[in-house]
Amino acid sequence: MKKKFETRAIRLQNKQSDEREHSVPIFPTSSFTFENAEQMRAVFADEETGNIYSRFTNPNCRELEIKIASLEETENAVALASGMSAIFGALMGHLKAGDHLLCSRAVFGSTYQVLKNWLPRWGIETSFVNGIETETWAAAIQSNTKMFFLETPSNPGLDIIDLEKVGDFCKANEILMVVDNCFATPYLQRPMNFGAHLVTHSATKFIDGQGRVVGGLVAGTEEYLAPVQRFLRNTGPSLSPFNAWILSKSLETLAVRMDRHSANALALATWMQELDMVKNVRYPFLASHPGSAIAKKQMSQGGGLVTFEMEGGLVAGKQFLDNLQLCSLSANLGDTRTIVTHPASTTHNRLTPEDRQKVGITDGLIRVSVGLEHVEDLKADILQSLKIIPIF
Ligand SMILES: *Cc1c(COP(=O)(O)O)cnc(C)c1O
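FYI, the numbering used here numbers position 60 of the sequence shown as 50, with every residue one higher than the one before it.
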């Protein structure tokens, strides 16, 4: 019988040396040796598996790849230097000049920039669609459409896109479905089971979970992953053995961390809904979230992100950040430490105000990446910060 998620995340180890170490060691080597010329030929010809050179992979990356493929319930995965290189690799592996893709409008800021400003330089055009208004997608399809790229829950608006509907749509139109699963992680949501061809991750976020390294992953079936592996092999955005080792260790605690992130975030969101000083508290598993029914269908818990809007907009939002004593001001998310950001002035400041409006980023929007501190301490910090804002 296939082992459970937690067990696979811990026990899928790749290597043990003659020392029989319990914890897998780090392999800091740029290249690998071969028994003889024939074995070297066979490995280069893909007839035998083996390590060649750390730009392609290494034992630490391979362990991380084996684990994430298993956790995402697919065949294989490839580790890359960052979430953005993973996304870029998935795009470049499958698209060429003259192709067109659809993308849900509410995506990570740099993903939007790649699609809007970089890919057109190589003749690849993107139509941004509203991920929630499923009935509008068909009109955006062109004869050269090859892919639907989406993010759910989205950053930072926490929109929920119906993965089952995307799966059916992509199948009917014979296009690839690529899902950025960064916010949910494979513990809470597995897009492959809804028909995704590839899943991408910024491993920098909840997969590391402790704010230490930058990394990325693409998972999928052998057929769709192979071009992404070739992209990595030839262009070189490789993950270092050290970062891969950290990320593989991190996966050992992913399940317990996501349980607590989700419990803390739900408790905090439920409590914040009752406060007069904030409005539009958003959390995928709150009944007030317009996508809560879909979220409950495709996610096992709501994840670690909560957003809300400050009464008083930009000025009050900045004062709120300045008054916080415990929560960190940082651009990251998915850390043990609670992080508060103001997307309009930071991660999404390169978008025009109109584009921000389209994806629901108002001037007063605050994003909280709820950490693993005790939730009562988080409530106390948020309350003391709100209370000393002059307008209240
Ligand atoms: C952070 C993030 C990325 C980019 O990942 P990096 O590791 O920073 O390159 C992509 N998608 C989402 C949803 C993210 O939050």
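Virtual Cβ for every residue (Gly too), placed ideally from N, Cα, C.
Small disclaimer: the values here were computed from a predicted structure and weren't measured.
Whole angstroms are fine: how far does the CA of residue j sit from the CA of residue i?
{"i": "leucine 148", "j": "cysteine 51", "result": "30 Å"}
{"i": "glycine 121", "j": "alanine 128", "result": "12 Å"}
{"i": "serine 75", "j": "proline 380", "result": "43 Å"}
{"i": "aspartate 198", "j": "phenylalanine 159", "result": "33 Å"}
{"i": "alanine 96", "j": "serine 133", "result": "24 Å"}
{"i": "phenylalanine 232", "j": "threonine 326", "result": "20 Å"}
{"i": "isoleucine 114", "j": "tryptophan 108", "result": "9 Å"}
{"i": "valine 14", "j": "alanine 35", "result": "28 Å"}
{"i": "leucine 311", "j": "serine 72", "result": "28 Å"}
{"i": "glutamate 141", "j": "glycine 302", "result": "29 Å"}
{"i": "isoleucine 56", "j": "arginine 180", "result": "16 Å"}
{"i": "isoleucine 0", "j": "histidine 12", "result": "12 Å"}
{"i": "lysine 369", "j": "leucine 258", "result": "7 Å"}
{"i": "arginine 111", "j": "valine 218", "result": "20 Å"}
{"i": "phenylalanine 78", "j": "phenylalanine 221", "result": "9 Å"}
{"i": "alanine 38", "j": "serine 290", "result": "It is glutamate, not alanine, that sits at residue 38 in the sequence shown. Cα to Cα, glutamate 38 sits roughly 39 Å from serine 290."}
{"i": "leucine 166", "j": "methionine 182", "result": "12 Å"}
{"i": "threonine 260", "j": "aspartate 371", "result": "16 Å"}
{"i": "glutamate 28", "j": "glycine 40", "result": "13 Å"}
{"i": "serine 100", "j": "leucine 323", "result": "15 Å"}
{"i": "isoleucine 395", "j": "serine 282", "result": "Past the edges of the chain, shown from -9 to 382, lies residue 395, and the structure says nothing about it."}
{"i": "phenylalanine 275", "j": "leucine 295", "result": "11 Å"}
{"i": "isoleucine 58", "j": "lysine 377", "result": "43 Å"}
{"i": "arginine 272", "j": "valine 349", "result": "14 Å"}
{"i": "threonine 175", "j": "histidine 191", "result": "8 Å"}
{"i": "threonine 336", "j": "lysine 195", "result": "17 Å"}
{"i": "histidine 187", "j": "glutamine 315", "result": "43 Å"}
Look at the Cβ atom of residue i, then the Cβ atom of residue j, and state whether they are nearer than 9 Å.
{"i": "threonine 243", "j": "proline 146", "result": "no"}
{"i": "serine 396", "j": "serine 44", "result": "Because residue 396 is not part of the residues shown, which for the chain are -9 to 382, the question remains open."}
{"i": "phenylalanine 173", "j": "glycine 293", "result": "yes"}
{"i": "valine 305", "j": "cysteine 317", "result": "no"}
{"i": "valine 168", "j": "alanine 80", "result": "yes"}
{"i": "serine 94", "j": "serine 144", "result": "yes"}
{"i": "glutamine 288", "j": "glutamate 164", "result": "no"}
{"i": "aspartate 152", "j": "threonine 124", "result": "yes"}
{"i": "asparagine 66", "j": "leucine 237", "result": "no"}
{"i": "glutamate 62", "j": "alanine 234", "result": "no"}
{"i": "isoleucine 284", "j": "isoleucine 131", "result": "no"}
{"i": "phenylalanine 118", "j": "leucine 92", "result": "yes"}
{"i": "leucine 265", "j": "leucine 373", "result": "yes"}
{"i": "threonine 47", "j": "alanine 69", "result": "yes"}
{"i": "leucine 207", "j": "leucine 54", "result": "yes"}
{"i": "lysine 161", "j": "histidine 90", "result": "no"}
{"i": "serine 278", "j": "glutamine 263", "result": "yes"}
Can you tell me whether residue i is helix, strand or coil according to DSSP?
{"i": "valine 168", "result": "strand"}
{"i": "arginine 10", "result": "coil"}
{"i": "arginine 272", "result": "strand"}
{"i": "isoleucine 401", "result": "Nothing can be reported for residue 401, as the shown portion of the chain is limited to -9 through 382."}
{"i": "arginine 357", "result": "strand"}
{"i": "phenylalanine 46", "result": "coil"}
{"i": "valine 122", "result": "One detail in the question is off: residue 122 reads as isoleucine in this sequence, not valine. Note: isoleucine 122 maps to coil in three-state DSSP."}
{"i": "leucine 54", "result": "helix"}
{"i": "glycine 210", "result": "strand"}
{"i": "asparagine 224", "result": "helix"}
{"i": "asparagine 254", "result": "helix"}
{"i": "leucine 215", "result": "helix"}
{"i": "arginine 116", "result": "Reading the sequence as shown, one finds threonine at residue 116 and not arginine. The answer is strand: DSSP assigns threonine 116 an E or B state."}
{"i": "isoleucine 372", "result": "helix"}
{"i": "histidine 84", "result": "helix"}
{"i": "glutamine 263", "result": "coil"}
{"i": "aspartate 312", "result": "helix"}
{"i": "aspartate 345", "result": "helix"}
{"i": "alanine 174", "result": "coil"}
{"i": "glycine 99", "result": "helix"}
{"i": "arginine 340", "result": "coil"}
{"i": "glycine 73", "result": "helix"}
{"i": "phenylalanine -5", "result": "helix"}
{"i": "phenylalanine 78", "result": "helix"}
{"i": "glutamine 29", "result": "helix"}
{"i": "glutamate 242", "result": "coil"}
Does ligand 3 have a heavy atom nearer than 8 Å to the CB of residue i?
{"i": "leucine 323", "result": "The model depicted lacks ligand 3 and carries ligand 1 instead."}
Going by the DSSP bridge assignment, what does residue i pair with across the sheet?
{"i": "histidine 279", "result": "Answer is none; histidine 279 lacks a bridge partner."}
{"i": "cysteine 160", "result": "Per DSSP, none; premise fails for cysteine 160."}
{"i": "phenylalanine 298", "result": "Ile356"}
{"i": "methionine 137", "result": "Leu91, Leu166"}
{"i": "histidine 191", "result": "Leu207"}
{"i": "serine 21", "result": "Tyr43"}
{"i": "isoleucine 329", "result": "Ser318, Ser359"}
{"i": "valine 68", "result": "Val208"}
For residue i, decide whether its Cβ has a neighbour in chain D, counting only Cβ atoms nearer than 9 Å.
{"i": "serine 100", "result": "No chain D appears in the structure shown, which is made up of a single protein chain."}
Three CB pairs or more closer than 8 Å across the region 358 to 371 and the region 253 to 265: They touch, by the three-pair rule.
Three or more C-beta pairs below 8 Å linking the region 331 to 338 and the region 353 to 360: yes
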